[in-house]
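Since the structure comes first, as structure tokens, the remarks are kept for the end.
There are 2 protein chains.
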Amino acid sequence: MTNLPFAARADQLVGSIIDSSTSLLAQQSHDIVKFAMGSPADDAVPAPILADIARSALGPGAADAYGYGATEGDPPLRDALLATLEGTSDETTADRLTITAGGMQGLDLACKLFVDPGDLVVVEGPTYTNGSATALSYGATLAEVPVDDDGMVVDELHNIAERAGRTPTVIYTVPTFQNPSGSTMSLERRHALLALAREWGSVVIDDDPYGMLRFEGDDVPTLRELGDGDPLVFPVRTFSKIIAPGLRVGWVDTAPELQQPIINAKQAMDTCTNLPAQRLVASFLADGHLADHLATQRTQYRKRKHAMQDALQEHLGDIARWTDPEGGFFLWVTFNNGIDTQKLFETALAEGVAYIPGPAFSPEGHFSDALRLCFATTDTDRTWEGVKRLRQAIDKVAL
Amino acid sequence: MTNLPFAARADQLVGSIIDSSTSLLAQQSHDIVKFAMGSPADDAVPAPILADIARSALGPGAADAYGYGATEGDPPLRDALLATLEGTSDETTADRLTITAGGMQGLDLACKLFVDPGDLVVVEGPTYTNGSATALSYGATLAEVPVDDDGMVVDELHNIAERAGRTPTVIYTVPTFQNPSGSTMSLERRHALLALAREWGSVVIDDDPYGMLRFEGDDVPTLRELGDGDPLVFPVRTFSKIIAPGLRVGWVDTAPELQQPIINAKQAMDTCTNLPAQRLVASFLADGHLADHLATQRTQYRKRKHAMQDALQEHLGDIARWTDPEGGFFLWVTFNNGIDTQKLFETALAEGVAYIPGPAFSPEGHFSDALRLCFATTDTDRTWEGVKRLRQAIDKVAL
């Protein structure tokens, strides 16, 4: 590498295996069952409705849809979103709302505001890679707190703080249908996490992209609702999983005193969120499409999860266990036969199935015995085929 | 403010006066001539063509236009852009190209890669506020280098380095039709800047949003071309001024060895640039609309600049001088009658004209005797009216 004046943090800019496996996938010429990306299925994207909206919202007379928008978000989208959230666990007010370029920019904003080089940031183990990558890009020191079937093991935070000799500046969680494990933090643990954050003065990044995709079980109030406006709770939300990821539209819902610093920070990131997509989302919400769309998706994802679990039972029942998410996109599979999921990856691709190896979700490199499967994108027949291929790959490697 | 664990840089997150004056403008109920924003006129946005493209590119069958895109940019846009740039001063290759969320994200990426807290970043005085704000958001220490009719006074960089006791990590310039002054860096100074950057090992952020909008005079090669692939030159480009700002699509054109770090950094910012807008721009370029569109805009902007200069001569000839840009959007007006352009602002609004006061473009708070006018957005009759109102406001304040 040329002798460039890289910032100290440049070493910490990590690419995700997710991306490399996507590039790898794009290069494959043969048929692959793709359990890898955390993306809604193409048929789950309401393209016909969006196309219909585009004809007017982005029509020949809609020059203003292509201008600069307000940094805090386009008023029609802000209004439609506030109305959509009314009565939900994420109900909020205009003085807390900033529209972002997807959930990812919400995480970037939180880290920009709170993470100094060397600050301790606790992430879940396993965690959402791009979330931990954002903290690293501001020079954070990461520590992993375990996740079990009730979500983050909050009690372990004490041990982490003790080992680190300090309390965390930020605790990053995906509390509901977690990426990648699929597990949901229990109500008791949510309360415990908030109590501890208050005791320590730690910011809790409440990254909840999947909460509206519950297809089984009972709702648990969001950290946003339980936090009751506490400035320490930094809720990050997105339309990526519930409408379409390519739009890059999401929101943060923060204490009013944070709105101006967030606007200032966002102006220095991208000036404003792209306006055509904001207009599409605004009409999608205002025209009342979201409820029907979510109902269809939930039914679909429920069916697909059960198909995947049935296929796993049939083909991997003897060598693995897996989580039982009540919503969202992901299953987490853990093997008991010593298989290394990173080493398995190439063989699996050759057999025609793609997944994300466990260590991609662990800054500390754990979980080589595990992998993430996305059940949301693939129809049930293909899912059965993909899981069968996964077993074939394992048998080949084990030979 | 609540006792939150703000990062050290949080104090340095500055909002731009541009934004507050825009909010202020939105609140005005009376007719205002708006010379404030650096935005193409509504009638300069090719909305009918984009609407036409949207019907197919974002049509009912285009679900893939709403999915995640590749972090480095959507292949059709990358291809169309490479073809568009062929034979220009910005001609480049695929291994140097990353699509960004407008030019602003290009600046964010450059600072993310190179600016450590306390690093010296030289900006032009006056400079583009959001550019200097981005450097500040990574904890930079700023210094201003003067700009005259030949652009940045490169010789002054030596004095700045001497005063600072160190050479700059980054030198940030808008070399062509500079924002806000409108002046263009001469060829001689471009060579001198590159030589000095090489001597010092400083990164030159070459932010050139207006270069394709030359309506008079002779082309000067871009720093990108003169740098001939030098990794120290970091070119930032955007479609905001030449197609439409609300799309939030731009690109950076960097040494191939920087592409992976840039992709990693961008994944932790917004995953990918919004795909629907990338598809619109890709078709706009591939269908060959850009050349005609630019030709129309150049003719228009030339006419509007001359109208503004004529109006300034008529109404302000006795108390001010102004720059003579050969392209772009902006004129810089300097008063010789002791007027304070920040104090004048409210009166000007009341008289029905908006501009940006000089100090908004200076981290050190200079230029209270100056202001920026955007000639691009307003038709010639309105421009005459606006300049007349500006004089009325000055006369009121001077009473």
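Protein sequence lines, in the order shown, are assigned to chains A and B. Every letter in the first sequence is one number past the one before it in our numbering, and letter 324, counting from 1, is 324. Every letter in the second sequence is one number past the one before it in our numbering, and letter 151, counting from 1, is 550. Glycine included, each C-beta is placed from N, C-alpha and C at the ideal position.
Check: Spell out whether any CB of chain B is found under 8 Å from the CB atom of Q105 of chain A.; Outcome: yes
Check: Does D208 of chain A pass the burial test, meaning 16 or more other C-beta atoms within 10 Å, or should it be called exposed?; Outcome: buried
Check: For K433 of chain B, count neighbouring C-beta atoms within 10 Å of its own C-beta (all shown protein chains included) and say buried if the count is 16 or more, exposed if not.; Outcome: buried
Check: Just mark S181 of chain A as buried or exposed, buried being the case when its beta carbon has 16 or more other beta carbons within 10 Å.; Outcome: buried
Check: So that I know if they touch, is there some Cβ in chain B lying closer than 8 Å to that of Q334 of chain A?; Outcome: The sequence as given places Thr at residue 334 of chain A; Gln does not occur at that position. With 8 Å as the cut-off, T334 of chain A does not count as an interface residue toward chain B.
Check: For Y571 of chain B versus V521 of chain B, is the C-beta spacing smaller than 8 Å?; Outcome: yes
Check: In the DSSP assignment, what residue or residues form a beta bridge with A753 of chain B?; Outcome: B:K433
Check: Can you tell me the Cβ-Cβ gap for D42 of chain A and A462 of chain B, rounded? I've got them flagged as a contact below 8 Å.; Outcome: 4 Å
Check: For I242 of chain A, which of helix, strand or coil comes out of DSSP?; Outcome: coil
Check: May I have a chain-ordered list of the alpha helix (DSSP H) segments no shorter than 4 residues that lie completely inside the segment 514 to 557 of chain B?; Outcome: 528 to 535
Check: What three-state label does DSSP hand Y571 of chain B in the structure shown?; Outcome: strand
Check: To the nearest angstrom, how far is it from the Cα of H639 of chain B to the Cα of Q504 of chain B?; Outcome: Residue 639 of chain B is actually Ser in this sequence, not His. When rounded, the distance between both Cα atoms is 12 Å.
Check: Helix, strand or coil: which one does DSSP assign to P447 of chain B?; Outcome: helix
Check: Going by DSSP, name the residue or residues bridged to I498 of chain B.; Outcome: B:W650
Check: Under 8 Å between the Cβ atoms of V796 of chain B and L743 of chain B?; Outcome: yes
Check: So, does the segment 94 to 105 of chain A touch the segment 230 to 240 of chain A, judging by three or more C-beta pairs under 8 Å?; Outcome: yes
Check: Mind reading off the beta-carbon distance from P644 of chain B to Y355 of chain A? Whole number of angstroms is fine, and I expect it under 8 Å.; Outcome: So it is not a contact: roughly 40 Å between Cβ atoms.
Check: Leaving out the 5 sequence neighbours to the left and right, which residues in its chain are closer than 8 Å to Q309 of chain A when beta-carbon positions are compared?; Outcome: W322, D324 and L331
Check: Would you check if there are 3 or more beta carbon pairs closer than 8 Å linking the segment 610 to 630 of chain B to the segment 645 to 661 of chain B?; Outcome: yes
Check: Could you check what DSSP says for P40 of chain A in three-state terms: helix, strand or coil?; Outcome: coil
Check: For chain A, is any of its Cβ atoms less than 8 Å away from the one on M436 of chain B?; Outcome: yes
Check: Hey, R389 of chain A and V353 of chain A are a contact pair by Cβ (cut 8 Å); roughly how many whole angstroms apart?; Outcome: 4 Å
Check: Taking 8 Å as the cut-off, does the segment 577 to 593 of chain B touch the segment 546 to 564 of chain B (at least 3 CB pairs, one atom from each stretch)?; Outcome: yes
Check: Using 10 angstroms around the beta-carbon of G365 of chain A, count the other beta-carbons present and answer buried if the total reaches 16, otherwise exposed.; Outcome: exposed
Check: Would you list the residues sitting across from G327 of chain A in a DSSP beta bridge?; Outcome: A:R214
Check: Where do the ends of the beta strand (DSSP E) carrying V203 of chain A lie?; Outcome: V203 to D207
Check: Can you list the residues of chain A that S536 of chain B reaches, using a CB-CB cut of under 7 Å?; Outcome: K112, A265 and A268
Check: Given 8 Å as the limit, is there contact between the segment 90 to 98 of chain A and the segment 472 to 483 of chain B, that is, 3 or more CB pairs closer than that?; Outcome: no
Check: With DSSP run on the structure shown, which of helix, strand or coil describes L371 of chain A?; Outcome: strand
Check: Beta-carbon of G764 of chain B versus every beta-carbon of chain A: anything under 8 Å?; Outcome: no
Check: What residues are listed by DSSP as bridge partners for R636 of chain B?; Outcome: B:W650
Check: Determine whether the Cβ of R248 of chain A lies closer than 8 Å to any Cβ atom of chain B.; Outcome: yes
Check: Candidates B:Q741, B:Q699, B:A664 and B:P459: which alpha carbon is nearest G15 of chain A's?; Outcome: B:A664
Check: In this structure, how does DSSP classify A719 of chain B when only helix, strand and coil are distinguished?; Outcome: strand
Check: Consider the Cβ of P644 of chain B: report whether some Cβ of chain A lies at a distance smaller than 8 Å.; Outcome: yes
Check: Which whole-angstrom value describes the C-beta separation of F774 of chain B and F728 of chain B, a residue pair presumed to lie in contact below a C-beta threshold of 8 Å?; Outcome: 7 Å
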